[in-house]
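Chains as they are written, first to last, in the numbering used here: chain P, 1 to 195; chain X, 1001 to 1160.
Below is the structure:
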């Protein structure tokens, strides 16, 4: 192999590397695997099982009566307004695994009529912080006196975040989850699809 | 029309005007919320609630318009669908996180509206007595200091 060809290959490799994890990548999950459960209790390797697709990822808890359903509504709005949803995953991850078992998530997805493109994920309570910390998602229990308090009755202060993940497991964009416009997300999804 | 008829008509009109102004003046000076004289009315509209599971929570939203001549105060809430109802508010913090807290008693001045909407103030339905799903409707009662109890029929729907 002559030196010109070697230089060309090295240059291409560098370009490929910077394209994948350059300034556009907010978080790199390409080498990570988090074991989660979906609403059918099936084991899911996140994000490995979603690589090759573009994914919208948000974080909720099902005991949340106001903001989290608004986030879910925004996810379905975005889905509805996309001309073509082929190769796009809509993922909602619970940051309250103590209460959000797979069956609870199933109930939530049924209540809100989420279709098969939606994946609801939860984890073992001891494991959830690993993923949340990696993605800078805040989720803290709070107490509302009038509701009383026991181990199963609490509210949460939480991030209001929607991430867009590219095909290789890099988080490429972040939005305010319950109020980002579908047009904005749509443009970014189309950009990632064209890469 | 004869001159005497003209005079009578004018006198009658003046009486009506005086009566009208007098009532309005009385009510606008009222500060005692126990006074039972209520002009105009408080209306509830644009009501809807989110679906929810038995023993779980839901949120309801609506617009309250105080069309009376006096300030009124929201005191309490109840529903046939939940063990209790509280007025809560979602708060956005400087770090971008969101949390929820009781909203406290709401005073609604004359002619003003209080809008309960997603991401803001909402009626939290606590310990639902049964599953509520799209197509159901609930009844939610709001107790005001002056106008008493008003009840809204609230359809269950998915936020669009």
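Ideal Cβ positions, reconstructed from N, Cα and C, are used throughout, including at glycine.
### Task
Following the continuous beta strand (DSSP E) through residue 1102/X, name the residue where it begins and the one where it ends.
1098-1102
### Task
Report buried or exposed for residue 125/P, applying the criterion of at least 16 other Cβ atoms within 10 angstroms of its Cβ.
exposed
### Task
Measure the Cβ-Cβ separation of residue 192/P and residue 58/P and say whether it is below 8 Å.
no
### beta strand (DSSP E) segments (min. 3 residues) lying fully within the region 32-74 of chain P
34-38, 43-46 and 54-60
### Query
Does the Cβ-Cβ distance between residue 1143/X and residue 1053/X come in under 8 Å?
no
#### Entry: Separation of residue 1159/X from residue 188/P, as counted between CA atoms
24 Å
### Query
Can you round the beta-carbon distance between residue 132/P and residue 139/P to whole angstroms, since I take them to be within the 8 Å contact cut?
6 Å
### Query
Which whole-angstrom value describes the C-beta separation of residue 120/P and residue 39/P, a residue pair presumed to lie in contact below a C-beta threshold of 8 Å?
4 Å
### Query
By a C-beta neighbour count over all protein chains shown, 10 Å radius and 16 as the cutoff for buried, is residue 964/X buried or exposed?
Only positions 1001 to 1160 of chain X appear in the structure, and residue 964/X is not among them; the question remains open.
### Task
Give the DSSP bridge partners of residue 200/P, in chain order.
No information on residue 200/P is available, as it lies outside the stretch 1 to 195 that chain P covers here.
### Contact under 8 Å by Cβ, residue 97/P with residue 62/P
no
### Message
Please classify residue 1134/X as buried or exposed, where buried requires at least 16 other C-beta atoms within 10 Å of its C-beta.
### Response
exposed
### Query
Which term fits residue 33/P, buried or exposed, when burial requires 16 or more other beta carbons within 10 angstroms of its beta carbon?
exposed
### Message
DSSP three-state label for residue 138/P, please.
### Response
coil
### Message
Using the three-state DSSP reduction, which class does residue 77/P fall into: helix, strand or coil?
### Response
helix
### Task
Mind checking which residues open and close the beta strand (DSSP E) that includes residue 157/P?
155-158
### Within 9 Å of chain P by C-beta, residues of the region 1036-1058 of chain X in sequence order
1050, 1051, 1052, 1053, 1056, 1057 and 1058
### Query
Nearest chain P C-beta to residue 1157/X closer than 8 Å, yes or no?
no
### Task
Look up residue 1106/X in the DSSP assignment and give the residues it is bridged to.
1074/X
### Query
By the criterion of Cβ-Cβ separation under 8 Å, what are the contact partners of residue 1099/X in chain P?
142, 155, 156, 157 and 158
### Strand pairing of residue 1086/X, partner residues [DSSP]
1124/X
### Task
Quick one: grab the DSSP three-state call for residue 112/P.
coil
### Query
For residue 1060/X versus residue 1123/X, is the C-beta distance shorter than 8 Å?
yes
### Query
residue 45/P: buried (16+ other C-beta within 10 angstroms of its C-beta) or exposed?
exposed
### Query
Mind pulling the chain P residues with CB within less than 7 Å of residue 1090/X?
66 and 67
### Query
Cβ of residue 185/P less than 8 Å from any chain X Cβ?
no
### Message
Quick check: what's the CA-CA separation for residue 240/P versus residue 93/P?
### Response
In this structure chain P extends from 1 to 195, so residue 240/P is not present and cannot be described.
### Message
Tell me the residue span of the alpha helix (DSSP H) that contains residue 189/P.
### Response
182-194
### Query
Leaving out the 5 sequence neighbours to the left and right, which residues in its chain are closer than 7 Å to residue 43/P when beta-carbon positions are compared?
35 and 37
#### Entry: Rounded Cβ spacing between residue 128/P and residue 1096/X (contact assumed at less than 8 Å)
Going by Cβ atoms, the distance from residue 128/P to residue 1096/X rounds to 20 Å, so no, they are not a contact pair.
### Message
Is residue 107/P close to chain X? Criterion is C-beta to C-beta, closer than 8 Å.
### Response
yes
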